[in-house]
Amino acid sequence: AGGEPDRVEAEALADGLPATVFINHNIHSTEIASSQTSVDLVHRLATADDPVTLEILDHVVVVLVPSANPDGQIMVTDWYRRNEGTEFEKARMPWLYHHYAGHDNNRDFFQAKLVETRYWMDLMFRTAYAHVYLDQHQMGATGPRIFVPPYPDPMSPDVHPLQWQLLRFLGGGMVTDLQAAGKQGVVTGALYRIWGQEGALTGRFHNIPALLTESASATIASPVEVTRAELERSANRARDLDEYGFSMSFVDPWWGGTWRLGDIVEYQTIAAVSLLEQTARFKDRFILGRWQMAAETVEHGRASGPFAYVIPADQTDPVTAAELARTLVLQGVEVHRAEEDFEVTPVMGMRVPGEDRLPPAEGDDGEEEDEAGSRAAGPSGAPRAEPASPRRIPAGSWVVLAAQPSRAAVLDLLQPQARRVLREHPDGPYLRGYDGAAYTMPLQMGVESLRVDEAFDVELTAVSLERAVADAPALPSPRQWYALSTAVNRSYAVANELLARGVPVSRTGDHFLVPSDHPAARPALEEARATHGLTVTADPAGTAGAEPLAPSRVGLYQGWASSMDEGWTRLLLEEFGFDLTVLSNDDMRDADLGARIDIVVIPSEISLNRLLEGDTAGAAPPEFTGGIGDEGVENLKAFVRGGGTLITLDRGDEVVLKHFDVPVRDALAGVSDRDFFAPASLFGMELEAGHPLTRGSPATVTGKWANGRAYEPTGWDGDAGRIRTVARWASDPAEVLRSGLLVGAEHLAGKAAILDVSYGAGRIYMYGLRVQHRAQTAGTFKLLFNALMTGGSTPATEE
1 AGGEPDRVEA EALADGLPAT VFINHNIHST EIASSQTSVD LVHRLATADD PVTLEILDHV
61 VVVLVPSANP DGQIMVTDWY RRNEGTEFEK ARMPWLYHHY AGHDNNRDFF QAKLVETRYW
121 MDLMFRTAYA HVYLDQHQMG ATGPRIFVPP YPDPMSPDVH PLQWQLLRFL GGGMVTDLQA
181 AGKQGVVTGA LYRIWGQEGA LTGRFHNIPA LLTESASATI ASPVEVTRAE LERSANRARD
241 LDEYGFSMSF VDPWWGGTWR LGDIVEYQTI AAVSLLEQTA RFKDRFILGR WQMAAETVEH
301 GRASGPFAYV IPADQTDPVT AAELARTLVL QGVEVHRAEE DFEVTPVMGM RVPGEDRLPP
361 AEGDDGEEED EAGSRAAGPS GAPRAEPASP RRIPAGSWVV LAAQPSRAAV LDLLQPQARR
421 VLREHPDGPY LRGYDGAAYT MPLQMGVESL RVDEAFDVEL TAVSLERAVA DAPALPSPRQ
481 WYALSTAVNR SYAVANELLA RGVPVSRTGD HFLVPSDHPA ARPALEEARA THGLTVTADP
541 AGTAGAEPLA PSRVGLYQGW ASSMDEGWTR LLLEEFGFDL TVLSNDDMRD ADLGARIDIV
601 VIPSEISLNR LLEGDTAGAA PPEFTGGIGD EGVENLKAFV RGGGTLITLD RGDEVVLKHF
661 DVPVRDALAG VSDRDFFAPA SLFGMELEAG HPLTRGSPAT VTGKWANGRA YEPTGWDGDA
721 GRIRTVARWA SDPAEVLRSG LLVGAEHLAG KAAILDVSYG AGRIYMYGLR VQHRAQTAGT
781 FKLLFNALMT GGSTPATEE
């Protein structure tokens, strides 16, 4: 019906088609073996004439990426060869192997901030149309030799159940072929609780069976010796491997010895060929399986709702809203544009994943108690979704219909989630997943998205990548000022670009102001309007107190720490045009630092010991050892006292807490995991109106919690001057969780999330969260951008 093929037509189409298998190698450059596996695999497919290979070539199209980060593969190879055979053969490479993301480059597969990810998405969802996907990785050396799916609980119940069975089918064949080849140490159904958008496994949300293998590592290309005692110590109940010994998920343990790069390649090749052989032999199962999952997902969406998610065009940052729509299209989600105004009744609140697949329970009041004897501890405090008042939606708004093949992705990416709290065993610790508990893109990006359960009629047009741009009126002809809203993230990039071109820019609380008579102003603004859909207005009220801006000279600490947070921060600041200098350990000790830098940023993921000491002598080549030392700390203090600004991001604050005599502590210090449990989730924050850092932001925003801070003052007698709270976690414990999973909200509620500390003639901005997390959290970017564009905040007042 409706032009969609029925089963008979689908079978006829599948009969003449090959299946497509997409194999991704070496996304993590230190996991070097799969780059070599790819060469062996291609050589076999190109030259072998055995029955299995011929069957694969007859029935499968193999799309193979030899290295998803080839620059990093070369970097790691060069570093290894430099140190091979020396005492530094195991030395950690002192820089990121991906220019921006390092090992985090597989955490980008729902936001596509990296060019490699965008290439992958185009290949996966627009070019190859894969039926099966395999991602080959490596893990630590002292455990099982290889992990093969199925994955352990919990998994998303919004993914079509047939996909989980296809994963079992493929994984079972791979395990069987590895065992038949005499390969010991194969574990399945344990270790990798990959629920959501982690890694390159997002295909699971688009009806593509997506498999991960993780092989035990060598020391890059050097063998390792592994003892039985090391293997037994690797057992971890929290990762579903209670002991290192026989179990039905680990039927033939490997008991130690020499482990080589060649062993990894052999295991990976057997697993990959097994996958290809099964796909070839049962190709119709996978071709029709993807069709069946898509068709049934569409029907399920029509029957159960939600009907759609609507992203209004008339929101405060329509440019970022359009970026959200574009990113969804890039990853295979169907997005439409409304060609006329229409009315909807939004439904507010969180959703428990899989709730629409459950039958209604008799007497169900929506409450679940945390019983110590039960593994399930209930949802994390989610209020039931309730209808709100009807809302008029303007033409040009984005509409994502939920009855589409990628429905699981739509729910995971657009709907606030209330994940169930699980325990490792009855009355045991809370069960922690692999990475994040929530990815909800509108909340992370500060974009308004409305869930609509009831059908509505409106003329829609399918959106292509090229059309996913906000509507913007023609440039006005002002008397004095062009104006850009400070509520729009892209305005900050344009302001920085204009400053770099020598165009004067001033700022009020609501606008960046650009003189209309400057010859370079109009061409630059016209380009921003055409490229990004940026709205430019004219001659706003309240320009009398405008603050002239000058480019801030920003120094981002890097040293030899190879912090992924540093890389993501660098990516974001470069994208938005900040004048950025990377700081070395020597720079941090330079007494003239303040002569060339206005603002120093210390990112997260750099422990205090690594910041101060770095790698100790003997752990790395001498030229890559050491940190900033006590001299660097004292110089940093002098820099701030002399009028500089210090910004610390998340755990980058340790140097301030331990060495700056700032009377602040982390209120979560000493709180047990049993009382406070918060895997990476999205939490509500309240902002102080009128503070320079909160310009352009609403009164409340959503922050990405990833093991952050809950600041509270301990007094007023330290070296620091007065302390002002810029942002606090939601005051009401019931309002803290916006998407994800949380136990113990009362320990966080009302505590400070961002502090403004006066220190001599300078300032310290302490961010208890990564407001720029992986360059994904556009909803809190402005809280950082304003700190980088202000010459000094308003005076702090004691609270």
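If you read the sequence shown in our numbering, its first letter stands for residue 1, the second for the next number, and so on. We put the beta carbon where it would ideally sit given N, CA and C, even for glycine.
Could you pull out every residue in the same chain whose Cβ sits closer than 7 angstroms to the Cβ of residue i, ignoring the five residues on either side in sequence?
{"i": "L276", "result": "V21, I56, V60, V62"}
{"i": "S397", "result": "V310, I311, P312, A313, A338"}
{"i": "R665", "result": "E712, T714"}
{"i": "G245", "result": "P253"}
{"i": "A128", "result": "T20, F22, V63"}
{"i": "I606", "result": "A561, S563, G652"}
{"i": "A376", "result": "Low confidence applies here, because A376 scores a pLDDT of 48, under 50, leaving its location unreliable; read the following figure in that light. Excluding residues within five positions, the ones whose Cβ falls inside 7 angstroms are R420, L422."}
{"i": "V333", "result": "V400, S406, A409, V410"}
{"i": "L114", "result": "Y100, A101, N105, D108"}
{"i": "R392", "result": "D341, E343"}
Starting from residue i, trace the beta strand (DSSP E) in both directions and tell me its first and last residue.
{"i": "T762", "result": "Checking the sequence shown, residue 762 turns out to be Gly, not Thr. Looking at the DSSP string, the run of the beta strand (DSSP E) that includes G762 is 762-767."}
{"i": "V65", "result": "60-65"}
{"i": "F205", "result": "That residue, F205, is in no beta strand (DSSP E); it is neither H nor E in DSSP."}
{"i": "L422", "result": "420-422"}
{"i": "V771", "result": "Per DSSP, V771 belongs to no beta strand (DSSP E) and is neither H nor E."}
{"i": "G555", "result": "553-557"}
{"i": "D673", "result": "That residue, D673, is in no beta strand (DSSP E); it is neither H nor E in DSSP."}
{"i": "W481", "result": "481-485"}
{"i": "F512", "result": "511-515"}
{"i": "L401", "result": "398-401"}
{"i": "L475", "result": "Note, L475: premise wrong, no beta strand (DSSP E); not H, not E."}
{"i": "L580", "result": "579-583"}
Counting only the same chain and skipping the five closest in sequence on each side, list residues whose C-beta sits under 8 angstroms from that of residue i.
{"i": "R589", "result": "I628, G629, E631, G632, N635"}
{"i": "A796", "result": "Annotation note: pLDDT 35 at A796 (below 50); position unreliable, no value reported."}
{"i": "W164", "result": "P150, M155"}
{"i": "Y434", "result": "Y192, R193, I194, W195, E198"}
{"i": "M121", "result": "F109, A112, L330, Q331, G332"}
{"i": "G708", "result": "D650, A753, G768, L769, R770"}
Using beta-carbon positions only, say whether residue i and residue j come within less than 8 angstroms of one another.
{"i": "G203", "j": "P150", "result": "no"}
{"i": "R290", "j": "N236", "result": "no"}
{"i": "A730", "j": "E688", "result": "no"}
{"i": "Q417", "j": "M350", "result": "yes"}
{"i": "P679", "j": "A437", "result": "yes"}
{"i": "D732", "j": "A753", "result": "no"}
{"i": "I270", "j": "E214", "result": "no"}
{"i": "A295", "j": "E4", "result": "yes"}
{"i": "T508", "j": "R553", "result": "no"}
{"i": "K637", "j": "G696", "result": "no"}
{"i": "G559", "j": "A403", "result": "no"}
{"i": "P390", "j": "T327", "result": "no"}
{"i": "T440", "j": "L167", "result": "no"}
{"i": "D539", "j": "P603", "result": "no"}
{"i": "G140", "j": "S217", "result": "yes"}
{"i": "G760", "j": "V640", "result": "yes"}
Have a look at the DSSP bridge pairing and note the partners of residue i.
{"i": "V752", "result": "In the sequence under discussion, the amino acid at residue 752 is Ala, which differs from the Val named in the question. In DSSP, A752 forms a bridge with Y711, R728."}
{"i": "K704", "result": "L682"}
{"i": "Y759", "result": "G762"}
Span of the alpha helix (DSSP H) holding residue i?
{"i": "Y133", "result": "It is not in any alpha helix (DSSP H) - Y133 instead sits in the beta strand (DSSP E) that spans 132-139."}
{"i": "T269", "result": "261-281"}
{"i": "F169", "result": "161-180"}
{"i": "A787", "result": "781-789"}
{"i": "E497", "result": "489-500"}
{"i": "Y80", "result": "70-83"}
{"i": "E566", "result": "564-575"}
Looking only at its chain, what residues have a beta carbon closer than 6 angstroms to the beta carbon of residue i, apart from the 5 residues adjacent to it on each side?
{"i": "F677", "result": "Y430, V743"}
{"i": "S374", "result": "Low local confidence applies: a pLDDT of 41 at S374 is under 50, so the model's placement there is unreliable, and no value is given."}
{"i": "A667", "result": "A710, E712, K751"}
So, is the C-beta of residue i closer than 8 angstroms to a C-beta in chain E?
{"i": "N707", "result": "In the displayed structure, chain E is absent; only one protein chain is listed."}
Below 8 angstroms on the Cβ atoms is my contact criterion, and I expect residue i with residue j to pass it. Report the Cβ-Cβ distance as a whole number of Å.
{"i": "E424", "j": "A617", "result": "With 8 angstroms as the limit, E424 and A617 do not qualify as a contact, their Cβ atoms being about 41 angstroms apart."}
{"i": "A321", "j": "V469", "result": "Not confirmed; about 11 angstroms, so no contact."}
{"i": "V503", "j": "L534", "result": "The pair is not a contact, with the Cβ atoms about 15 angstroms apart (cut-off 8 angstroms)."}
{"i": "L646", "j": "V600", "result": "5 angstroms"}
{"i": "P442", "j": "L465", "result": "Rounded, the Cβ-Cβ distance is 19 angstroms, inconsistent with contact."}
State yes or no: is the C-beta of residue i nearer than 7 angstroms to some heavy atom of the ligand NAD?
{"i": "G171", "result": "With respect to small molecules bound, the structure shown includes none, and the ligand NAD cannot be examined in it."}
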